[in-house]
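If you read the sequences in order, they're chains A and B. So that you can map any letter, position 83 of the first sequence is 83 in our numbering, and since no number is skipped, the others follow by simple counting. For our numbering, add 268 to where a residue sits in the second sequence, where the first one is 1. We treat Cβ as the ideally placed atom computed from N, Cα and C, and that holds for glycine. All of these numbers come straight from a predicted model, not from anything done at the bench. Encoded as structure tokens, the structure appears first; notes follow it.
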Amino acid sequence: MTYAVLLIMMVISVYPILWVIGSSLNPGTSLFSSTLIPKHATFDHYVWLFTSPDSQYLTWYKNTLIIAALNAIASVILTMGTAYAFSRYRFVGRKHGLAFFLVLQMFPSMMTMVAIYVLLNMLNLLDSYWGLLLVYAGAQIPFNTWLVKGYFDTIPRSLDEAAKIDGAGHNTIFFRIMLPLARPVIALVALFNFTGPMTDFLLPQIVLTSPEKKTLAVGLFGFIYDQFGKNFTLFAAGSVLIAVPIAVLFLALQRFFIAGLTAGASKG
Amino acid sequence: MKGRTWRMRHTAGLLSALSMGLGQLYNRQWYKGIFLLLLEFSYIGIFADLFNMGLWGIVTLGTVPFRDDSVQLLAKGIVALIVIAFGLFFYVLNIQDAVRVAKMRERGDRPPGLWQTWRTVTDKGYPYLIIAPGFLLLVFVVLFPLLFMVALAFTNYDLYHSPPAKLVDWVGWDNFINLFRLDLWKNSLISVFQWTVVWTLISTTVQFALGLLLAVLLNQKQVKFKRLIRTVLILPWAVPPFVSVLVFSMMFNDSFGPINGMLESIGLDHIPWMTDPFWCKVAILLIQFWLGFPFNLALCTGVLQTISSDLYEAADVDGATPWQKFRHITLPLVLYATAPLLIVQYAGNFNNFNVIYLFNKGGPAVPGQTAGGTDILISWVYKLMFDTSKFNYAATISVIIGLVVVCFAVYQFRQTRSFKEEDLIQ
């Protein structure tokens, strides 16, 4: 009985993934005749994505990677200082600042898309990576500050107090002692903010308008829903090429994700 | 000056209130005083235009079409208000500082010199210095849009009132009133809101229940190949959701999707997954279960492993059935540990734009409504903005979403421990 349930769920989990891999190997553009195991398997679609002059797949891939990498860097720089200050210093406004961050973190950033669209338009930052980055980097601050603050809180205070007695200044303690100790959480923030833009659809769809600036999510959406789209098999091939690297990375790191989750859960 | 009660601190405070820096000059802190005076003049000089235009703009939203861009004026007005708030904040600090130093002088102490002041700023002020960059960005990227959106909800900014050809006006509560009174809006709002609530409750509850069930099954001692099975079951979590949802939208395709194909092969009818609102909702719920259970499986697995086996052994001694053990030991403990993340999932699905929009663009269209059959509030907002340019209603609905989220958040904070944490209360 147990095995039956598990087996059914395993099939349900894997089926869509196998199906899209199968579809990507099917000849033609439509899925009408497509089967899970294609009769005339072909890598044409993959070849097309990389070599056809009409294909912008590589451009999209490059755009997405650039945005994701820049966002990871910007997020780490912006979050570390705030989290460190909230964790180690007792200053006027700290309590309210923390509560303010906690509330802001609750607002989904897409709730303000009306405002963000109008504002970026006004600042001439529509269709620019800077506009996109600005929104990503700003919006992550509240959540990640809490995350990193929680980590800093677990580093024993005796370490920085000892350094202070030895005459280390604020900057020395922060850059030479705390940041190196916080390496795991820096990696986590960087990873979160790398995968975020990789898989986001809404914001790039709003902000980036010219085709050569599209990201993968927006580009793939176009394969199915655009006027000249309906390239289902190309879409399938494109999806496989995005999903596989992310899934491999994810499965390799899943232990950290789960450990981080349960640690967060027990802290409440 | 007059009477006993008037002291140096009052003079200093009054002078500082007249203009930044005067109180400091009175306290003979020459450099600081001159610095603050210069600061005030440059502040006024730099932002004079902004205040002038911004405040005029936010009140009138412009008077001459083509010359005045109402939306820009509104934005400038809000920036002006934020800059003024910052200014006032420093002004108050300046008065406090003058009074504090004057009190020292009353006691006969020497006011702190330039070097000492510098030391205080870089030492005591260090946390402010490292918070400042993040905080400033937050104010302009998160807080400012929030204020702007709330303001838009009280205007008539839509396709027909859109700069530069037309001006935007303040309309007070009209949008909110129309949303609840006009049939077209009321019908859409009611049906979208109902579906949003149903969607949030069902999708989150089932995805959690499914995850928990599988975690419990996998946690049994006699099950073999645990690691392999778990990895396969977690796979849906590893695929980026936009890819999986788009893949599902092909699989559920009415005419060539494999799901209808399978139904046919076992002798059932085609189901209009993409064109009938009811079946479309069913499909989206099924997709969300698929997307959401692996996360809960991972979460519950983690929690289950922390439950001590003593509890179950004691229950065995008492002759408890498996169901009783689950009901009275496992479930309460798991719920207790996962409650915060469960609430986050409810909030997440409440605003789960990706699944709704990517599957079918919130379709199919429903006659007599401005929203599609599967639109939840957030995807409806998106459509109002980008399909029909009704920015005012989009903002109004966003405000409603915001209110729901805030109520929810406040409730959550009262329930969870993080708000009672020692360092939040101090």
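Residue i (DSSP reduced to helix, strand or coil)
i       : result
G440(B) : coil
G640(B) : strand
T2(A)   : helix
A353(B) : helix
T423(B) : strand
A41(A)  : coil
A182(A) : coil
A633(B) : strand
S287(B) : coil
S23(A)  : helix
M417(B) : helix
S512(B) : helix
W274(B) : coil
N231(A) : coil
G525(B) : coil
I539(B) : coil
Contacts around residue i, its chain only, beta-carbon distance under 8 Å, and the 5 residues preceding and following it disregarded
i       : result
Y625(B) : S647 and Y650
L450(B) : none
Y394(B) : none
L601(B) : V571 and I575
L485(B) : V491
For residue j and residue i, believed in contact at Cβ under 8 Å, the rounded distance
i       : j       : result
V47(A)  : V240(A) : That pair is no contact at about 13 Å.
I697(B) : A85(A)  : Absent from the model: residue 697(B). The displayed extent of chain B is 269 to 694, so no value can be given.
F201(A) : F221(A) : 7 Å
V623(B) : I539(B) : With 8 Å as the limit, V623(B) and I539(B) do not qualify as a contact, their Cβ atoms being about 19 Å apart.
A280(B) : V367(B) : 6 Å
D160(A) : R88(A)  : 7 Å
F516(B) : F354(B) : With 8 Å as the limit, F516(B) and F354(B) do not qualify as a contact, their Cβ atoms being about 48 Å apart.
S75(A)  : V207(A) : The pair is not a contact, with the Cβ atoms about 17 Å apart (cut-off 8 Å).
L329(B) : W441(B) : The Cβ separation is near 16 Å, so there is no contact.
Min CB distance residue i to chain B below 8 Å
i       : result
G268(A) : Here the model assigns G268(A) a pLDDT of 36, short of 50, so the residue's position is not dependable and the matter cannot be decided.
A247(A) : yes
I224(A) : yes
A139(A) : yes
A265(A) : In this predicted model, A265(A) has a pLDDT of only 44, less than 50, meaning its place in the structure is not dependable enough to derive any value.
S55(A)  : no
H45(A)  : no
Residue-chain proximity (residue i, chain A), Cβ-Cβ < 8 Å
i       : result
Q694(B) : Low local confidence applies: a pLDDT of 34 at Q694(B) is under 50, so the model's placement there is unreliable, and no value is given.
G587(B) : no
W558(B) : yes
S576(B) : no
G402(B) : yes
A663(B) : yes
V351(B) : no
I552(B) : no
T468(B) : no
Residue i: contacting residues in chain B (beta-carbon distance under 7 Å)
i       : result
A217(A) : F510
Q254(A) : I502
Y84(A)  : I398
H170(A) : Y394
Same chain only: Cβ atoms within 7 Å of residue i, ignoring 5 sequence neighbours per side
i       : result
M9(A)   : none
F618(B) : T464 and T468
N446(B) : W453
L179(A) : M80
F315(B) : V351
T543(B) : D522 and P632
Within chain A, partners of residue i - CB distance below 9 Å
i       : result
Y679(B) : Per Cβ cutoff of 9 Å: no residues; Y679(B) is ~11 Å from chain A at best.
M653(B) : M113, V114, Y117 and I206
Under 8 Å by beta carbon: chain A residues contacting residue i
i       : result
V339(B) : V118 and M122
M321(B) : Within chain A, no residue comes near M321(B); the closest Cβ sits about 14 Å away, beyond 8 Å.
Beta-carbon neighbours of residue i, restricted to chain B and to distances below 8 Å
i       : result
G131(A) : Under the 8 Å cutoff, chain B gives no residues; its nearest Cβ is about 10 Å from G131(A).
Y89(A)  : Y394 and P395
T79(A)  : G402
V135(A) : V409
Contacts that residue i makes with chain B (C-beta to C-beta distance below 9 Å)
i       : result
V207(A) : What V207(A) touches in chain B: nothing, since even the nearest Cβ is about 12 Å away.
P211(A) : By Cβ distance, chain B contributes nothing, its closest Cβ being about 17 Å from P211(A), past 9 Å.
F194(A) : Residues of chain B passing the Cβ test: none, with the nearest at roughly 12 Å.
V103(A) : V674, A677, V678 and F681
P16(A)  : P504, V507, S512, V515, F516, M519 and W558
6 Å CB neighbourhood of residue i in its chain, flanking five on each side removed
i       : result
V218(A) : P204 and Q205
P432(B) : F334 and D337
L318(B) : A348
Contacts of residue i in chain A (Cβ-Cβ under 7 Å)
i       : result
P413(B) : T112, A115, I116 and L119
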